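Novice:
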Amino acid sequence: AQKITQTQPGMFVQEKEAVTLDCTYDTSDQSYGLFWYKQPSSGEMIFLIYQGSYDEQNATEGRYSLNFQKARKSANLVISASQLGDSAMYFCAMREDTGRRALTFGSGTRLQVQP
Amino acid sequence: EAGVAQSPRYKIIEKRQSVAFWCNPISGHATLYWYQQILGQGPKLLIQFQNNGVVDDSQLPKDRFSAERLKGVDSTLKIQPAKLEDSAVYLCASSLGRISDTQYFGPGTRLTVL
Numbered sequence: 000a001q002k003i004t005q006t007q008p009g010m011f012v013q014e015k016e017a018v019t020l021d022c023t024y025d026t027s028d029q030s031y032g033l034f035w036y037k038q039p040s041s042g043e044m045i046f047l048i049y050q051g052s053y054d055e056q057n058a059t060e061g062r063y064s065l066n067f068q069k070a071r072k073s074a075n076l077v078i079s080a081s082q083l084g085d086s087a088m089y090f091c092a093m094r095e096d097t098g099r100r101a102l103t104f105g106s107g108t109r110l111q112v113q114p
Numbered sequence: 018e019a020g021v022a023q024s025p026r027y028k029i030i031e032k033r034q035s036v037a038f039w040c041n042p043i044s045g046h047a048t049l050y051w052y053q054q055i056l057g058q059g060p061k062l063l064i065q066f067q068n069n070g071v072v073d074d075s076q077l078p079k080d081r082f083s084a085e086r087l088k089g090v091d092s093t094l095k096i097q098p099a100k101l102e103d104s105a106v107y108l109c110a111s112s113l114g115r116i117s118d119t120q121y122f123g124p125g126t127r128l129t130v131l
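Chains as they are written, first to last, in this note's numbering: chain A, 0 to 114; chain B, 18 to 131.
Here it is as C-alpha cells:
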C-alpha cells in the first residue's frame with residue numbers, strides 16, 4: 000500500500016528566504032506521480048507541481064521546485080523567495096499509475112511566512 | 018476555463034439528518050473524485066468515477082453514503098443519516114482521465130454535524 004509521510008507539522012520562514020518542506024513516500028509500484036498542493040485558509044486545494052517517477056530532471060514551476068531523490072523515496076518541495084501569501088497548509092500526494100489512480104495525501108505541513 | 022464548482026460551501030445539520038453535496042467538474046474531465054478531509058488531516062478518497070461509472074468506492078461507508086454521476090458530468094454525494102464523525106470538508110476533484118494528468122480541486126463543502 001502506498002504511504003506519504005510529512006514529518007514537519009509546522010514551519011516558519013522569513014519573507015524572501017527559501018524553505019524546504021519534506022516528503023517521503025512508500026510504494027511498490029515502478030510508475031507513479033508525486034504532487035504538491037497548497038491549501039490556504041479558504042480551503043481550496045491548489046495544484047503546485049508534479050514529478051513523474053521516470054522524470055530524470057527535478058520539476059520546477061516558478062518559485063516552486065521539487066527535489067526528487069528516487070533512491071531515498073523523497074520528494075521535497077522547495078519554495079524560493081517566500082512571500083507572505085505563501086502562508087498555508089502544504090500537502091504532498093502520490094498517485095500510482097496502475098490500479099486506482101486516486102491521490103494518497105500526507106498529513107500536511109503548515110507554513111507561516113513572517114515579515 | 019472555469020474550475021471545479023461545488024455547492025453549498027457550508028452546511029450545518031443535526032445528527033441523523035440527511036445532506037447532499039453537488040459538484041460540477043471542469044468541462045471535458047472524464048474522471049471525478051470525492052474526498053473527505055477531516056480537520057488536521059489530508060484528504061482521503063471516498064469514491065472515484067470514470068465518466069458515469071464507479072472505478073473505486075472501497076472507502077465509501079455505503080451504509081450511509083451514496084454518490085452518483087448521471088450523464089458523466091455533474092455528481093452528487095449524499096449522507097443519510099449523518100453522524101457526528103462526518104463533520105469534515107468534502108472536496109470534489111476532476112481530471113482528464115489520462116495516466117499522468119493532474120487532479121484539480123473545487124473549493125469544498127464544509128459540513129458540521131451537531
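Note that beta-carbon positions come from the ideal geometry of N, C-alpha and C, so glycine has one too. As the structure is a computational prediction, the values presented were derived from the model and not from experiment.
Which value, in whole angstroms, describes the spacing of the CA atoms of G32/A and S52/A?
Specialist: If you number the first sequence from 1, residue 32/A lands on position 33. If you number the first sequence from 1, residue 52/A lands on position 53. So the two alpha carbons sit approximately 6 Å from each other.
Novice: Let me make sure I understand the geometry here. Which of E43/A, E55/A, A101/A and L110/A has the alpha-carbon closest to that of L76/A?
Specialist: On the first sequence, residue 76/A is found 77 positions in, with the first residue counted as 1. Among E43/A, E55/A, A101/A and L110/A, the Cα nearest to that of L76/A belongs to L110/A.
Novice: Does E95/A get closer than 8 Å to chain B when you measure Cβ to Cβ?
Specialist: Indexing the first sequence from 1 puts residue 95/A at position 96. No, E95/A lies away from the interface with chain B (no Cβ there is under 8 Å from its Cβ).
Novice: Kindly list the residues whose CB is nearer than 6 Å to the CB of S92/B, restricted to its own chain and excluding five residues on each side of it in sequence; keep chain order.
Specialist: Stepping through the second sequence from its first residue, residue 92/B is reached at position 75. Closer than 6 Å at Cβ, skipping near neighbours: C40, L49 and R86.
Novice: For G125/B, is the classification buried or exposed, using 16 other Cβ atoms within 10 angstroms of its Cβ as the cut-off for buried?
Specialist: By one-based count along the second sequence, residue 125/B stands at place 108. Buried is the call here.
Novice: Which residues does DSSP pair with C40/B in a beta bridge?
Specialist: Within the second sequence, the letter at position 23 stands for residue 40/B. BP columns for C40/B point to Q23/B and S92/B.
Novice: Just to confirm my understanding: we take L102/A, look at its own chain, exclude 5 residues before and 5 after, and list those with CB closer than 6 Å. What are they?
Specialist: Translated into positions along the first sequence, residue 102/A becomes position 103. So the list reads A92 and R94, once near-sequence residues are dropped.
Novice: Kindly give me the distance between the Cβ atoms of R127/B and R26/B, rounded to whole angstroms, as I take these residues to be in contact under 8 Å.
Specialist: For this step, residue 127/B is matched to residue 110 along the second sequence. For this step, residue 26/B is matched to residue 9 along the second sequence. That belief holds up - the Cβ atoms of R127/B and R26/B are roughly 7 Å apart, short of 8 Å.
Novice: Between the segment 65–84 of chain B and the segment 95–110 of chain B, do at least 3 Cβ pairs fall closer than 8 Å?
Specialist: The segment 65–84 of chain B vs the segment 95–110 of chain B: in contact.
Novice: By the DSSP assignment, the beta strand (DSSP E) with A92/A in it spans what residues?
Specialist: Working through the first sequence from its first residue, we reach residue 92/A at position 93. Looking at the DSSP string, the run of the beta strand (DSSP E) that includes A92/A is A87 to E95.
Novice: Could you pull the DSSP bridge partners for S27/A from this structure?
Specialist: Translated into positions along the first sequence, residue 27/A becomes position 28. DSSP, once it has assigned bridges, lists no residue as partnering S27/A.
Novice: So the candidates are L62/B, Q65/B and A37/B; which of them puts its Cα closest to the Cα of Q23/B?
Specialist: For this step, residue 23/B is matched to residue 6 along the second sequence. Q23/B has its Cα closest to that of A37/B, out of L62/B, Q65/B and A37/B.
Novice: Whole angstroms are fine: how far does the CA of I45/A sit from the CA of P39/A?
Specialist: Here residue 39/A is taken as the residue at index 40 of the first sequence, counted from 1. Here residue 45/A is taken as the residue at index 46 of the first sequence, counted from 1. Between P39/A and I45/A, the C-alpha separation is close to 8 Å.
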